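In what follows, a structure is listed as structure tokens, so that the remarks can point back to it.
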Amino acid sequence: HLPTAELQALDAAHHMHPFTDATGLAAKGARVIVRGKGVWLNDSDGNRILDAMAGLWCVNIGYGRKSLAEVAARQMEELAYYNTFFQTTHVPAIALAAKLAELAPGDLNHVFFAGSGSEANDTNIRLVRRYWQVKGQPEKRVIISRKNGYHGSTMGGGSLGGMAPIHAHGGMIDGIVHIDQPYWWGEGGEMTEAEFGLERAQQLEAKILELGVDTVAAFIGEPIQGAGGVIVPPATYWPEIQRICDKYGILLIADEVITGFGRTGNWFGSQTFGIKPHIMTIAKGLSSGYQPIGGSIVCDEVAAVVAEGGEFFHGYTYSGHPVAAAVALENLRVLQEEHIVEHVRDVAHPYLAERWAKLADHPLVGEAKLVGLMGSIALTPHKESRAKFASESGTVGLRCRERCFANNLIMRHVGDRMIISPPLVITPDEIDTLIARATLSLDECYAGLKA
Ligand code: PLP
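The opening position of the sequence shown corresponds to residue 7 in full-length UniProt numbering, with each subsequent residue numbered one higher.
This is how it looks when you write it as structure tokens:
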């Protein structure tokens with residue numbers, strides 16, 4: 007390939023990046039990633055980088071898996087494309103849907119495919135509204151979500167999500183309201199974690215009563231908020247949400263785009279938190295990012311009611327794309343045959359958990375949270391008061407991320423929270439490297455702040 011500087015110049019001139027400050031990018035140049043194997047990436051300058059984010063929380067089985075490439079090539083030769091509209095189907099979509107029905111808990115037995123998590127959540131908006139329409143209650147169309155939740159970047163996904171900068175674009179779709187997030191360390195004040203979890207969950211009940219139960223279709227939430235900063239809810243939160251949804255007959259959507267396929271030490275985050283959703287959103291780890299694919303796994307009752315209504319006027323050209331479906335199926339085979347979900351449990355607790363918790367002793371770190379292989383630390387100038395940095399929000403996190411980058415570790419920052427979500431195949435040795443590089447980066451960032 008071209009030398010790095012030339013690649014960066016072309017990139018800055020012609021490539022518009024998602025979620026990126028383009029002026030900063032032009033000045034610094036993007037890091038050019040050229041290769042991956044396991045948890046490791048190589049950039050165009052030959053650096054070997056530990057990817058503690060699995061790309062964007064997605065490369066669950068690690069980089070460089072030959073069998074997925076072979077399956078893709080075979081499927082492209084056999085049937086590169088066909089759609090699943092108008093009473094047609096194909097073998098990869100059938101096989102993948104059946105496999106997902108087997109893996110998903112309860113009676114989540116029906117899969118509507120999409121090309122991404124955002125598209126799947128757009129599907130969910132239509133699905134739940136269609137469900138109530140067919141049941142003769144079309145006024146039940148409000149979906150309740152959380153501030154600082156993330157459900158994608160399409161107009162539907164962005165509206166469901168509660169990210170202020172996305173809402174600032176304007177034009178959000180109607181009928182979606184947001185309650186507060188269960189972020190105890192940042193917002194819990196004097197309350198115990200258990201009290202705070204209940205208080206935040208009971209906002210759902212208050213909102214349902216305020217709006218009128220006759221108007222509310224569904225509640226959506228990520229078992230653990232990912233893009234919001236790996237916000238692990240208090241243990242009291244999800245049982246209370248479940249109780250409220252059950253009491254008022256509100257559909258419950260678990261957005262498992264990050265938490266699905268082993269991330270939390272079970273196949274789905276819903277199992278880790280005891281959630282019984284009517285619909286699960288899936289993407290990312292479904293194919294370990296080897297192909298773009300997402301979907302909604304729907305329970306028997308919702309699928310039956312929607313089917314009763316006749317044609318569901320919704321779908322994507324690439325719903326159930328045969329190459330993506332075949333690759334996802336191979337990814338699930340690898341996850342299962344290599345016992346990767348069990349590996350997450352083994353390596354996360356206590357090995358990573360003990361080392362991660364110790365980061366909270368660092369002078370810059372307020373709390374350290376970890377569930378399975380999904381973790382976060384909060385950066386603070388004063389642990390006891392849980393103070394935030396006076397500097398613009400996220401500046402210290404950004405500096406810390408840059409130190410990680412310089413130390414060949416990819417961690418992400420969300421404001422002043424630093425997060426990890428490594429490939430699930432990470433070994434204890436690689437965890438040691440991750441912790442050593444993260445600690446060094448925190449030390450450097452701390453020294454820089456004092457200077
Ligand atoms: N839902 C959650 C919980 C996510 O974390 C994401 C992406 O990060 C999405 C939905 C959107 O998925 P995609 O980027 O594939 O559209």
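The C-beta atom is built at its ideal place from N, Cα and C for all residues, glycine as well. The structure displayed is predicted, hence computed values, not measured ones.
If you look at G301, you'll find it in the beta strand (DSSP E) that goes 300-305.
Looking from the CA of W46, the closest CA among N337, E408, N66 belongs to N66. Within the chosen limit of 6 Å, the ligand PLP does not reach the beta carbon of V134 with any heavy atom. Straight-line measurement puts the Cα of I264 at about 18 Å from the Cα of L335. For R152, the uninterrupted beta strand (DSSP E) run begins and ends at 148-152, by DSSP.
With a threshold of 6 Å, the Cβ atom of E228 counts as near the ligand PLP, since some heavy atom of the ligand is closer than that.
The three-state secondary structure of M197, taken from DSSP, is coil.
Straight across, the Cα-Cα distance linking E145 with C305 is about 22 Å. For A120, the secondary structure class from DSSP, reduced to helix, strand or coil, is strand. In its chain, beyond the 5 residues on either side, I230, V238, T270, T278 have a beta carbon closer than 7 Å to the beta carbon of V377. The three-state reading of DSSP puts M82 in helix, counting H, G and I together. Contact between the segment 123-139 and the segment 281-291 is present: three or more C-beta pairs spanning the two stretches fall below 8 Å. Beyond the five residues adjoining it in sequence on each side, G164 comes within less than 6 Å, by CB distance, of I172 in the same chain, given in chain order.
At a cut-off of 4 residues, the continuous stretches assigned as alpha helix (DSSP H) that sit fully inside the segment 243-331 are 243-254, 275-279, 306-314. With a cutoff of 6 Å, A60 does not count as near the ligand PLP, since its C-beta is closer than that to no heavy atom of the ligand.
Here A241 is exposed: its Cβ has fewer than 16 other Cβ atoms, across all protein chains shown, within 10 Å.
A Cβ-Cβ distance of about 11 Å is found for the pair L385 and L365, leaving them out of contact under the 8 Å criterion. Inclusion of I149 and A260 in the CB contact set at 7 Å is not warranted, their separation being larger than that value. Listed in chain order, the beta strand (DSSP E) elements of length 3 or more contained wholly in the segment 27-108 are 39-43, 46-49, 54-57. For Y189, the distance from the CB to the nearest heavy atom of the ligand PLP is not below 6 Å.
A heavy atom of the ligand PLP is found nearer than 6 Å to the CB of I264. Note that the segment 306-319 touches the segment 106-121; at least 3 beta-carbon pairs, one per stretch, sit closer than 8 Å. Annotation: the continuous beta strand (DSSP E) that includes E373 extends over 371-377. With contact defined as three or more Cβ pairs closer than 8 Å, the segment 343-363 and the segment 410-420 are not in contact. No Cβ-Cβ contact shorter than 7 Å links G168 with G158. Assigned with DSSP and collapsed to three states, S382 falls in strand.
Collapsing the DSSP output to three states places A366 in a helix. For E343, the closest C-alpha among the options S325, H388, L379, V431 is that of V431. Among the bridge pairs identified by DSSP, L415 is matched with L56.
The DSSP-derived three-state label of G142 is coil. Set against 6 Å, the gap from the CB of Y156 to the closest heavy atom of the ligand PLP is smaller.
Looking at the backbone, the Cα of A207 and that of L106 are separated by about 29 Å.
Across the structure, V40 and N48 are spaced so that their CA atoms are roughly 6 Å apart. A check of alpha carbon separations from F267 across I182, L74, P111 identifies P111 as the nearest. A straight line joining the alpha-carbon of T129 with that of H345 spans about 31 Å.
Boundaries around H184 are those of the beta strand (DSSP E), 182-185, since no alpha helix (DSSP H) includes it.
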